[in-house]
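Residue numbers (this note's numbering): 32 to 217.
As structure tokens, the structure follows; a few thoughts come after it.
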């Protein structure tokens, strides 16, 4: 009779542990999704600022069409990217295109003094900082999830319920220049 109670207690404890670990994985996945939504919000804000920035610079530098087209194409590609790898690559291209746009703006002193341009510049700089913070938050949550999925004994539950690792959102090593922040100060 005592061994029966002992077996019941062990089964209840084991069941409770499985439920706890399962719920932890669900929580980690939801935190990762929430963190990705934060990145998405900041990227949308960035995408919304870019046309205004291009229009402002275009008013002063009408013959610099190559830089404008490059920024517009990079923005379109970034907005249309579906997978995380495509999003990483598109964001790297957009960062490079914005750097070239700001390099064009360097040649126009009147533009650098324009209040609208200065405000857009400040907003874009603020948005870039928020994107970096959101990226760090997302990657921290993904790291926690991936560690939990790979760690014993949680990996048993992860495999049993088919919890999958998530990808980090990082700059590619191929574009080392994109690791530098967008220069938005004049």
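Where is the CB? At the ideal position from N, CA and C, for every residue including glycine.
Specify, as a first and last residue, the run of the alpha helix (DSSP H) that residue i falls within.
i	result
residue 87	33-91
residue 163	146-181
residue 235	The requested residue 235 does not occur in the structure, where the chain is confined to residues 32 to 217.
residue 110	96-111
residue 189	185-191
In whole angstroms, what is the alpha-carbon distance linking residue i and residue j?
i	j	result
residue 148	residue 155	10 Å
residue 205	residue 61	The pLDDT assigned to residue 205 is 45, lower than 50, so where the model puts this residue is not dependable; a value taken from the coordinates is nonetheless given after this. C-alpha separation (whole angstroms): 31 Å.
residue 100	residue 128	9 Å
residue 198	residue 115	7 Å
residue 125	residue 112	12 Å
residue 122	residue 84	17 Å
residue 110	residue 42	50 Å
residue 103	residue 81	8 Å
residue 89	residue 146	15 Å
residue 48	residue 35	20 Å
residue 194	residue 140	55 Å
residue 40	residue 33	11 Å
residue 51	residue 142	58 Å
residue 208	residue 190	Caution applies to residue 208, whose pLDDT of 47 falls short of 50 and renders its modelled position unreliable; the value that the coordinates give is listed next. The straight-line gap from Cα to Cα measures roughly 39 Å.
Taking the alpha carbon of residue i as the reference point, which residue from the options has its own alpha carbon closest?
i	options	result
residue 165	83, 70 and 176	70
residue 151	51, 58 and 77	77
residue 158	45, 177, 72 and 103	72
residue 144	172, 173, 87 and 177	87
residue 135	173, 153 and 92	92
residue 95	68, 81, 138 and 174	138
residue 174	192, 153 and 196	196
residue 184	32, 34, 56 and 33	56
residue 107	35, 79, 133 and 58	79
residue 153	170, 141 and 133	133
residue 170	140, 194 and 68	68
Rounded to the nearest angstrom, how far is the Cβ of residue i from that of residue j, given a contact under 8 Å?
i	j	result
residue 201	residue 119	7 Å
residue 98	residue 131	5 Å
residue 162	residue 37	Contact flag wrong, Cβ pair sits at about 55 Å.
Cβ of residue i within 8 Å of Cβ of residue j?
i	j	result
residue 3	residue 188	The question about residue 3 has no answer here: the residues shown for the chain are numbered 32 through 217.
residue 172	residue 63	yes
residue 168	residue 66	yes
residue 59	residue 176	yes
Quick check: is the beta carbon of residue i nearer than 8 Å to any beta carbon in chain D?
i	result
residue 174	Annotation note: the requested chain D is absent from the structure, which comprises a single protein chain.
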